[in-house]
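The numbers in numbering that gives the first Met the number 0 rise by one with no breaks, and the one at position 70 of the sequence shown is 69. Each residue gets a CB set at the ideal place from its N, CA and C atoms; glycine is no exception. The structure appears below as structure tokens.
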Amino acid sequence: MKAIAVTPRTQNSARLIDAPTPALHEHGALVHVIRCGICGTDAEINQGLYGEAPRGSDYLILGHENLGRVEQVGASVRAVKPGDLVVATVRRPDDCHNCSHGESDMCLKGDYSERGIKGLHGYLAEYYLEVPEYLIPVPPELVDVAVLLEPLTIVEKGLWQAYKIQERLMWEPRTAVVFGAGTVGLLAALALRAKGLTVAVVALSPRGTLNSQIAEAAGAQYFSTQDISIDDLPKKLGRIDVIFEATGSSLVAMKTLEILGVNGISILSSVTGGNKTVQFPADVVNQRMVLGNMVAFGTVNANRRYFDMGVGSLAQFQKLWPGLLMRFVTRRVPLADFTIEVLEDRNGVKTTIEISKE
Ligand SMILES: [Zn+2]
0 MKAIAVTPRT
10 QNSARLIDAP
20 TPALHEHGAL
30 VHVIRCGICG
40 TDAEINQGLY
50 GEAPRGSDYL
60 ILGHENLGRV
70 EQVGASVRAV
80 KPGDLVVATV
90 RRPDDCHNCS
100 HGESDMCLKG
110 DYSERGIKGL
120 HGYLAEYYLE
130 VPEYLIPVPP
140 ELVDVAVLLE
150 PLTIVEKGLW
160 QAYKIQERLM
170 WEPRTAVVFG
180 AGTVGLLAAL
190 ALRAKGLTVA
200 VVALSPRGTL
210 NSQIAEAAGA
220 QYFSTQDISI
230 DDLPKKLGRI
240 DVIFEATGSS
250 LVAMKTLEIL
260 GVNGISILSS
270 VTGGNKTVQF
280 PADVVNQRMV
290 LGNMVAFGTV
300 NANRRYFDMG
310 VGSLAQFQKL
320 WPGLLMRFVT
330 RRVPLADFTI
340 EVLEDRNGVK
350 TTIEISKE
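Below, the structure written as structure tokens:
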């Protein structure tokens, strides 16, 4: 079968390869991939920053934002059947306490593996094999948008955890700010709007780009940092109850603590791989957090619970804003036309690699 693979830790090694089609076994399902989304993680693996091949392999098949259709199942498989649309989760557990209880996103040891990233082949291939435990069935009416489910799970987990944490007090959030207007930021804006909050999306790009149009179509306000200083947001918006940070900038992540409102919560989701040091108003921020009962927490990856929740949210978003999710996919590249440039393309919102017909 055709697949897109890298030689891990080797810059610009992403290429189309011929790889063996996985062989079906009794407990597995063979999935024909429909499409995969490309994200910054894939680009960083291609840049050689991280990525790990499966044991015994000198290449790693990329791809973790996936959608496919079950083609064949093993004799003991009951949970999915041929023809089912499925999205596979990404992380696979090690033997720590949390992993052993279905929460590999909360892994204690760090010996987990991740398909397309760390120690396991990904989904940018014509086929993959998986056990039903890691396959999320998707209703047929979501076929054209379900490639967004994996990035949406980051939002689902962040918000679910934020609301869970805020059970510590009487809390009626009204205003949310999302930093970053990439796929995760925009999906966070939709999710917060769906909860009925007033939402402002703050990002680098000027107003008028597709990213701002998507935010505004969901009823969010859009501010470019070219037009407004982050410090001025509370004056503009009033008390900020929730912040979802998805810019990739540690500076912005720290800045959220300077503008968060009383009793508020800041959800930090940017994986900042660099080594940046910044000046930070520590006394002011600490005092604000103490006197304002504030919480900031980090969130990474997502277990099956958040995929199941995400399926419901995709259907809800489709109902609230018909056609809006389709606008996220700004470039579709057939598998055979893959080049490294596709991974580096920063225009638009989401690029997908199209592998087979829906
Ligand atoms: Zn673990």
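Residues sharing a beta bridge with residue i, DSSP
i      : result
Ile266 : Phe243, Phe296
Asp328 : Just to set this straight, residue 328 is Val in the shown sequence, not Asp. DSSP lists Lys349 as partners of Val328.
Lys275 : DSSP lists no partner for Lys275.
Phe222 : Val201
Cys35  : Asn65, Ile352
Leu29  : Gln71, Leu128
Lys117 : Glu51, Glu113
Leu84  : Arg68, Val137
Asp17  : Lys1
Pro333 : Glu353
Leu59  : Val5
Arg77  : Bridge partners of Arg77: none, in fact.
Arg238 : Bridge partners of Arg238: none, in fact.
Arg90  : Glu113
Reduced DSSP category for residue i - H, G, I as helix; E, B as strand; rest coil
i      : result
Cys98  : helix
Asn302 : coil
Gly184 : helix
Asn65  : strand
Pro136 : strand
Leu168 : coil
Arg192 : helix
Leu316 : According to the sequence as given, residue 316 is Phe; it is not Leu. If DSSP states are grouped into helix, strand and coil, Phe316 belongs with the helices.
Val177 : strand
Ala287 : According to the sequence shown, residue 287 is Arg rather than Ala. Note: Arg287 maps to helix in three-state DSSP.
Tyr162 : helix
Val144 : coil
Ile310 : Rather than Ile, the amino acid found at residue 310 in this sequence is Val. DSSP places Val310 in helix when its eight states are reduced to three.
Gly157 : helix
Val261 : coil
Leu151 : helix
Gln212 : helix
Asp104 : helix
Asn11  : coil
Pro233 : helix
Leu256 : helix
Ala22  : coil
Ser228 : coil
Leu323 : coil
Thr338 : coil
Classification of residue i by the beta-carbon crowding that lies within 10 angstroms, buried from 16 upward
i      : result
His100 : exposed
Val283 : exposed
Thr9   : exposed
Ser103 : buried
Glu244 : buried
Leu357 : For clarity, residue 357 is Glu in the given sequence; the question names Leu instead. Per the 10 Å Cβ criterion, exposed.
Lys80  : exposed
Lys179 : With the sequence shown as reference, residue 179 is identified as Gly, and Lys is not the correct amino acid for it. Classification for Gly179: buried.
Asp226 : exposed
Glu129 : buried
Ser228 : exposed
His120 : buried
Glu166 : exposed
Val177 : buried
Thr88  : buried
Asp83  : buried
Ala216 : exposed
Lys349 : buried
Pro92  : buried
Nearest residue (CA-CA) to residue i, options the options
i      : options                        : result
Ala124 : Pro21, Gln220, Leu147          : Pro21
Gly247 : Ala217, Thr182, Leu290         : Thr182
Asp194 : Leu203, Ala18, Val348, Pro172  : A small correction: the amino acid at residue 194 is Lys; Asp does not occupy that position in the sequence shown. Of the candidates Leu203, Ala18, Val348, Pro172, the one whose C-alpha sits nearest the C-alpha of Lys194 is Pro172.
Lys275 : Ser249, Thr255, Leu147, Phe296 : Ser249
Arg238 : Leu196, Ile3, Arg91            : Leu196
Asn292 : Gly36, Leu168, Arg345          : Leu168
Phe306 : Glu155, Phe316, Leu290, Ser204 : Glu155
Leu313 : Val289, Ala187, Asp240         : Ala187
Val251 : Gly260, Val261, Asp240, Ile266 : Ile266
Val85  : His96, Asn65, Asn97, Val72     : Asn65
Lys117 : Val176, Tyr49, Leu148, Asn97   : Tyr49
Arg326 : Leu209, Ile264, Gly297         : Leu209
Gln220 : Leu189, Asp240, Thr271         : Leu189
Val310 : Asp143, Val289, Val241, Lys163 : Asp143
Glu43  : Pro7, Val137, Ile16, Val30     : Pro7
Asn97  : Thr40, Leu107, Asn285          : Leu107
Tyr162 : Val332, Arg345, Ala295         : Ala295
Ile164 : Gln212, Val348, Gly263         : Gly263
Trp320 : Ile213, Val76, Asp230, Lys235  : Ile213
Pro333 : Asn346, Thr351, Leu323, Phe316 : Thr351
Gly62  : Met253, Ala175, Glu149         : Glu149
Go through the residues and name those whose CB comes closer than 5 Å to any heavy atom of ligand 1, in chain order. Contact residues of ligand 1 (beta-carbon closer than 5 Å to any heavy atom; chain order) are Asp93, Cys95, Cys98, Cys106, Lys108.
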